[in-house]
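When we follow this note's numbering, the leftmost residue of the sequence shown carries the number 104, and every step to the right adds one. Glycine is no exception: its CB is placed at the ideal position from the N, C-alpha and C atoms. None of these values were measured; they are calculated from a predicted model. Worksheet: one structure, shown below.
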Amino acid sequence: MTTYVIVLSQNNMMVYFTPIMLNQPVMKRRLIIFLLAIVTVPVLAQDQDQVVEAIVKEATQQSQLERLAHELMDVVGPRLVGTPEMKNAHDWAVNQYKEWGIDAENQQWGEWRGWERGITHIDLISPRVRTLNGMMLAWSPGTGKKGVTAEVIALPDVTDSAAFASWLPNVKDKFVMISMPQPTGRPDENWEEFATEESFEKMKEERDAMNSAWRERTAKTGYGRRSLPVALEEAGAAGIIMSYWSRGFGANKIFGASTKEIPTIDLSLEDYGMLWRMAEYGDKPEIRVVAESKDLGPQPTFNTIATIPGTEKPDEYIILSAHFDSWDGATGATDNGTGTMVMMEAMRILKEVYPNPKRTIIAGHWGSEEQGLNGSRAYVEDHPEIVANLQALFNQDNGTGRVVNISGQGFLHSYDYIGRWLDAVPRDISRHIETSFPGRPGGGGSDYASFVAAGAPAFSLSSLSWSYWNYTWHTNLDTYDKIVFDDVRNNAILTAILTYMASEDPEHTSREKSVLPVNPRTGEKYSWPETRSPNRRGGLDSED
Ligand SMILES: [Zn+2]
């Protein structure tokens, strides 16, 4: 006699027939499998279709993306680790999840140098008056409310480090420009479209020559990128002026300062170029800088973790992953506000249409990805039991675009399960996605890498660029207006469906690693990335 156990899952979405057949003869087993196939496939497919349809409907008719974007980017603002805005962001996310009936908490993983950005105001005072376009770098010391007025001078071209040392006293009470002035503020695409081929080639050659001359100029000072500002500061400079062009109209990258007492200011390409020309022609340009900031001392740092508990396999996990922190040159809309919105919206939708998942679903909003995946590395270190039982992780972190690429990250059987899950995704979303299986593990690109290094099946939902690298990645232009809501909505639907499918999958995902291919550049085999410890005390230890 054959015994069947029929299990109705709590949400009545799925019906499982579990044959107790291990001690049956082979022929009989085959018969059972055949009968099961007839009975279960239509039932499962029908339920699956209904859930997928409900996900799409919820995402398109009840979308919260615009409101989430407004609250996160406009009201909370940039999310630099250690700042009060970052803490506000974590609290906002926890409250938002609670409103949706989803448990969430902020888990502390470390401490970071606390800092608060105030206003930056930069004016050209002489030879004429004009407000300039720029801002101080992250963690920069300020000038105080009164501000500082001083002449601007250029980093000189000296013969060697001894000559530079004897020149150094000249910086006393001056602002010093330490970046190469760019020969053009037009991005290359613009030259490609309008320039004659000859003048485009000529510009590129001149720029290459300028770049190598500049590398020599800075090398001859005897200082490096981070030690030069400190040397200028110690010699009495009033402030450091730089310009880190991002090769797009009006786009500059805004990172962190290394000065301890004086401000480090980034100016727009042309305002910087104009000051440089004034200094070189002997116009003795003078600027006034009011830059306010507060050093807040050590501040706790967090990951926001939201959880929808599993009902049948609560100790197996699917993680929706996106870093929560940003640089603070703008509001971090595409790095990684959009990834954050995708994961939050997917969680909201799942809670609505699939409230009792088979496996536990977690959203991980990591702190301090930008300084070296610190939040996710700490989570991997602190939660080995979750990493060991991870069914899958989906991370999104390269801008606002629709997902166009999924790699198997080197997991030998990734094709089987990801292929199975993707099959459930509506064609108008999945047709844009190229897959590579088994692929190879990505280096340290974003937080999925922290999990892949630990051997756990974690995947990157990789987006169409929408000019991410030049225009929004770590720039002063990474703002709400760059969000492409239709693409973000598709990504939320994709993530919710992949999560649902991973949760319902009768099989636990395989972690078997593939033999990695040879790197054509080095001729050696790619190696599996190693687990690295997070920096849990950023900016607080003397060696930082
Ligand atoms: Zn990012």
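- The set of residues whose C-beta lies within less than 5 Å of a heavy atom of ligand 1 reads, in chain order, 438, 439, 500.
- Annotation note: the stretch 504-574 contains the following uninterrupted beta strand (DSSP E) runs of length 3 or greater, listed N- to C-terminal: 506-510, 537-539, 561-566.
- Bounds of the alpha helix (DSSP H) holding residue 307 are 300-323.
- In the DSSP assignment, residue 170 falls within the alpha helix (DSSP H) that extends over 168-172.
- For the options 513, 212, 246, 583, the alpha carbon positioned closest to that of residue 220 is the one of 246.
- If only complete runs of 4 or more residues are kept, the stretch 168-204 shows the alpha helix (DSSP H) at 168-172, 187-202, in order along the chain.
- Here DSSP, grouped into helix, strand and coil, assigns residue 379 to helix.
- Boundaries of the beta strand (DSSP E) around residue 390: 389-411.
- The bridge partners DSSP lists for residue 420 are 463, 493.
- The Cβ neighbour count for residue 521, taken over all protein chains shown within 10 Å, is at least 16; the residue is labelled buried.
- Note on residue 363: under 16 other CB atoms within 10 angstroms of its CB, so exposed under the neighbour-count rule.
- In terms of CA proximity to residue 429, 357 leads the group 357, 367, 633, 531.
- Contact between the stretch 203-221 and the stretch 345-355 is absent: fewer than 3 CB-CB pairs across the two stretches fall below 8 Å.
- Annotation: the continuous alpha helix (DSSP H) that includes residue 294 extends over 291-297.
- Of the other Cβ atoms in all chains shown, fewer than 16 fall within 10 Å of the Cβ of residue 530; this residue is therefore exposed.
- Relative to the Cα of residue 334, the nearest Cα in the group 272, 507, 592 belongs to 272.
- Spanning the alpha carbons of residue 167 and residue 580 requires a straight line of approximately 24 Å.
- Note that the stretch 259-269 touches the stretch 314-327; at least 3 beta-carbon pairs, one per stretch, sit closer than 8 Å.
- Annotation: the continuous alpha helix (DSSP H) that includes residue 480 extends over 477-485.
- In the structure shown, the three-state DSSP call for residue 474 is coil.
- In the DSSP assignment, residue 442 falls within the unbroken alpha helix (DSSP H) covering 441-456.
- In this structure the stretch 469-481 lies against the stretch 415-427, because at least three pairs of beta carbons, one per stretch, are closer than 8 Å.
- Counting only residues of its own chain and dropping the five nearest sequence neighbours on each side, residue 417 has a CB closer than 7 Å to the CB of 463.
- In the structure shown, residue 627 falls within a coil segment according to DSSP collapsed to helix, strand and coil.
- According to DSSP, residue pairing for residue 161 in a beta bridge does not occur.
- For residue 270, the uninterrupted alpha helix (DSSP H) run begins and ends at 264-270, by DSSP.
- When DSSP states are grouped into helix, strand and coil, residue 232 belongs to the coil group.
- Under the three-state reduction of DSSP, residue 227 is assigned to strand.
- Secondary structure note for residue 252: it is in no alpha helix (DSSP H), and the uninterrupted beta strand (DSSP E) holding it is 251-257.
- Under the three-state reduction of DSSP, residue 367 is assigned to strand.
- The beta carbon of residue 309 is closer than 8 Å to those of 286 in its chain, skipping five residues each way along the sequence.
- The count of Cβ pairs closer than 8 Å, one atom from the stretch 510-517 and one from the stretch 605-615, reaches three, so the stretches are in contact.
- Rounded to the nearest angstrom, the Cβ distance from residue 218 to residue 396 is 6 Å, consistent with a contact under 8 Å.
- Counting along the chain, the unbroken alpha helix (DSSP H) around residue 592 starts and ends at 588-607.
- Inclusion of residue 255 and residue 277 in the CB contact set at 8 Å is warranted, their separation being smaller than that value.
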